[in-house]
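Asks: Numbering (the numbering used here), first residue to last: 6 to 256.
We put the beta carbon where it would ideally sit given N, CA and C, even for glycine.
Here the structure is a predicted model, which is why all the values come from computation and not from measurement.
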Amino acid sequence: MTQRLQRVAAWCWYAGTGFRGYQQQQGERTVQGELLRAFREAGLTHNPVVGGRTDRGVSARMQVLGLWLERDRAPEGLVERLTPHLPADLGFHLARPARDVFHPAFSASSRTYRYFLPASQVGDLGLLTEAAALVPGTRDFRVFHFKTSQVRPRTVFAVEPSPAPGGLSLELRGDAFGRHMVRMLVGALSAVSRREVSLDAFREGLTAQRNFHCPTAAPEPLVLWSVDYAPELDPFSAEERAAFAWPPLTR
Numbered sequence: 006m007t008q009r010l011q012r013v014a015a016w017c018w019y020a021g022t023g024f025r026g027y028q029q030q031q032g033e034r035t036v037q038g039e040l041l042r043a044f045r046e047a048g049l050t051h052n053p054v055v056g057g058r059t060d061r062g063v064s065a066r067m068q069v070l071g072l073w074l075e076r077d078r079a080p081e082g083l084v085e086r087l088t089p090h091l092p093a094d095l096g097f098h099l100a101r102p103a104r105d106v107f108h109p110a111f112s113a114s115s116r117t118y119r120y121f122l123p124a125s126q127v128g129d130l131g132l133l134t135e136a137a138a139l140v141p142g143t144r145d146f147r148v149f150h151f152k153t154s155q156v157r158p159r160t161v162f163a164v165e166p167s168p169a170p171g172g173l174s175l176e177l178r179g180d181a182f183g184r185h186m187v188r189m190l191v192g193a194l195s196a197v198s199r200r201e202v203s204l205d206a207f208r209e210g211l212t213a214q215r216n217f218h219c220p221t222a223a224p225e226p227l228v229l230w231s232v233d234y235a236p237e238l239d240p241f242s243a244e245e246r247a248a249f250a251w252p253p254l255t256r
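Structure below.
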């Protein structure tokens, strides 16, 4: 098959508030459902695979799709071909050739999420920063993700708070995240900052030494910011990765 087809990586974005998540669901408006409809209407028969599923209300500045395309079709023309069939809250920035072994999820080296916390949900910034510094490391994070997620070691590389208009931006980067894991970590950090959860309890929750319960942060302020790959596999240049703002300005 690969003799007549080429591997393509496509950079997709969407505003999540109008979707019931990424994965197709009967009778619900989902990102995958809209994409499959657009692919059919554009005459593209090779369904894409995705770099990671997002929950209801979660947006994506950079979601990566992988697909096979006929070799006589330029990957760069994919965006122009699909755009007329897409709704206003879903689009593509780029499509680039990729190596045959490229898989948008399994080839990823890290994923970065950004979460906007309004000022009303931030108490003591020093406490929040101290708690955020405890998160990076490799552990199973079992009390910080939904029970349907597999319990396995995951590595969080960084949790970085920074000022944002009207509140605080939290950037979380890791090799993979369990279901609701980012939102549960953000909810816990917010609770620590407001002294609703002690720093010691948060530390013990990270090491699974005790049960840990706190509100899960709302999905709407969460954005899948980027999906990253090793240089030899990355279909996108550093310049391309830095070029697109959020919210998108293209449509």
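Measure the alpha-carbon distance for R101 versus R34 and round it to whole angstroms.
Replies: Whole-angstrom Cα-Cα distance: 27 Å.
Asks: Assuming L74 and P53 are in contact, meaning their beta carbons sit under 8 Å apart, how far apart are those beta carbons, in whole angstroms?
Replies: That pair is no contact at about 10 Å.
Asks: Inspect the beta-carbon positions of V148 and G192 and report whether they are closer than 8 Å.
Replies: No; because the gap between Cβ atoms is not below 8 Å, this pair is not in contact.
Asks: On a CA-only basis, which of D239, A235, Y234 and W230 is nearest A250? Give me that one, please.
Replies: Checking every option, the nearest Cα to that of A250 belongs to W230.
Asks: Would you grab the beta carbon distance between G82 and T88 for me? Rounded to a whole angstrom, and I think it's under 8 Å.
Replies: Going by Cβ atoms, the distance from G82 to T88 rounds to 11 Å, so no, they are not a contact pair.
Asks: Which residues bound the beta strand (DSSP E) around V69?
Replies: Per DSSP, V69 belongs to the beta strand (DSSP E) from S64 to E75.
Asks: If you measure between the beta carbons of R25 and R78, is that distance less than 8 Å?
Replies: No; because the gap between Cβ atoms is not below 8 Å, this pair is not in contact.
Asks: Mind checking A243: buried by the 16 CB within 10 Å criterion, or exposed?
Replies: Exposed.
Asks: What distance in whole Å lies between the Cβ atoms of L177 and V164, which are believed to be in contact at a cut-off of 8 Å?
Replies: About 5 Å; that satisfies the 8 Å criterion.
Asks: Under the DSSP definition of a beta bridge, which residues are partnered with S174?
Replies: F121 and S167, per the DSSP bridge assignment.
Asks: Would a C-beta distance cut-off of 8 Å place D180 and T160 closer than the cut-off?
Replies: Yes. Within cutoff.
Asks: If contacts are defined as beta-carbon pairs under 8 Å, then W16 and H98 qualify, I think. What distance do you get, rounded to the angstrom?
Replies: At roughly 4 Å, the Cβ-Cβ gap stays under 8 Å, so W16 and H98 are in contact.
Asks: Residues in its own chain within less than 6 Å of G23 by CB, not counting five upstream and five downstream?
Replies: The answer, listed in chain order, is D94.
Asks: Starting from F207, trace the alpha helix (DSSP H) in both directions and tell me its first and last residue.
Replies: Looking at the DSSP string, the run of the alpha helix (DSSP H) that includes F207 is L204 to L211.
Asks: Any idea which residues DSSP pairs D233 with across the strands?
Replies: Note: D233 sits in a beta bridge opposite S115.
Asks: Any contact between the region 226-240 and the region 112-122? By contact I mean 3 or more CB pairs, one from each, below 8 Å.
Replies: Touching, per the Cβ criterion.
Asks: For F111, count the other beta carbons within 10 Å of its own beta carbon; 16 or more makes it buried, fewer makes it exposed. Which is it?
Replies: When all chains shown are included, F111 counts as exposed.
Asks: Considering R188, what are the terminal residues of the alpha helix (DSSP H) in which it resides?
Replies: First-last of the alpha helix (DSSP H) with R188: M186 to S198.
Asks: Taking A222 as the reference, give the member of P240, R246 and M186 with the closest Cα.
Replies: Per the Cα distances, M186.
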